[in-house]
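I have placed the structure first, in the form of structure tokens, so that the comments after it can refer back to it.
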Amino acid sequence: MFKRLAPTWQIESIYNLTAADLHKNNIKVVLTDLDNTLIAWNNPDGTPELRAWLRLMEEEKITVVVVSNNNHQRVKRAVGPLNLPFVSRALKPLTRGIRQAQKRYQVANDEVILVGDQLLTDVWAANNAQIRSVLVKPIVESDAWNTKINRGIENLVKGSLYKQKLLSKNWRNSLDDRA
């Protein structure tokens, strides 16, 4: 029933995505959610770990693009210091933001992934766009008020996905980690 909400991969953190794994899977562009995926929703400055991961992606010629449902000013303020391109008001789970990024970077569906911490926006959007998705554990346990509603519904969906073995209770460390 909830198959459209099942991620392709499920890993602990976006920082576990390695250039080797991405190259091996023909991924040229990583689309990423902003809040609780790339940065903590309540700490827009990011971390040294984030900056190191972004440098590595740049060195390996893998483009990272933020695709966020937030407004332009919020996303610009958060990613400006990181010098990251972005699409704001992406309207996930619709495909608008994904298609906009794909057109901008001229990548086919099999050359791009969407990384995010929510099934109802990020994973569903990726599946609607017929691209692969990576579900990550939220960076922090707390959420903005509007995300708390999604989390409640998401917990019900997760129960069904666990039963169907479309989602694991164990977080992986890489795309190839099968444990």
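The numbering of the sequence shown is this note's numbering, which starts it at 1 and goes up by one.
Just so it is clear, CB atoms sit at the ideal spot from N, CA and C, and this is done for glycine as well.
What you are looking at is a predicted structure, and each value in this text was computed from that prediction instead of being measured.
To the nearest whole angstrom, what separates the beta carbons of residue i and residue j, a pair I think is in contact under 8 angstroms?
i	j	result
residue 150	residue 120	5 angstroms
residue 184	residue 31	Nothing in the structure corresponds to residue 184, since the chain is present only between 1 and 179.
residue 99	residue 129	7 angstroms
Under 7 angstroms Cβ to Cβ from residue i, same chain only, skipping five residues before and after it: list those, please.
i	result
residue 46	39 and 82
residue 229	No answer is possible for residue 229: the residues shown for the chain start at 1 and end at 179.
residue 15	49 and 53
residue 97	67, 87, 90 and 91
residue 131	98, 109, 112, 113 and 114
Going by DSSP in three states, residue i sits in which element: helix, strand or coil?
i	result
residue 133	strand
residue 157	helix
residue 171	coil
residue 116	strand
residue 31	strand
residue 107	coil
residue 164	coil
residue 11	strand
residue 37	coil
residue 179	Low per-residue confidence applies at residue 179: pLDDT is 49, beneath 50, and the placement is therefore not dependable, though the value from the model is reported in the following sentence. DSSP places residue 179 in coil when its eight states are reduced to three.
residue 63	strand
I'd like the list of long-range same chain contacts for residue i, defined as Cβ closer than 8 angstroms, with 5 residues on each side in sequence excluded.
i	result
residue 153	120
residue 72	88 and 89
residue 177	11
Would you tell me roughly how many angstroms separate the C-alpha atoms of residue i and residue j, rounded to the nearest one?
i	j	result
residue 94	residue 118	14 angstroms
residue 4	residue 157	11 angstroms
residue 173	residue 53	15 angstroms
residue 163	residue 26	31 angstroms
residue 170	residue 104	35 angstroms
Who are the near neighbours of residue i in its chain, counting only those whose CB is closer than 6 angstroms to its CB and skipping five residues on each side?
i	result
residue 138	36 and 117
residue 7	123, 133 and 135
residue 69	90 and 92
> Counting Cβ pairs closer than 8 angstroms, one from the region 49 to 66 and one from the region 19 to 32, do we hit at least three?
Replying inline: The count of Cβ pairs closer than 8 angstroms, one atom from the region 49 to 66 and one from the region 19 to 32, reaches three, so the stretches are in contact.
>> Measuring CB atoms only, is the region 76 to 83 touching the region 7 to 18, in the sense that at least three cross pairs come out at less than 8 angstroms?
In response: Using a C-beta cut-off of 8 angstroms, the region 76 to 83 makes no contact with the region 7 to 18, since fewer than three inter-stretch Cβ pairs fall below that distance.
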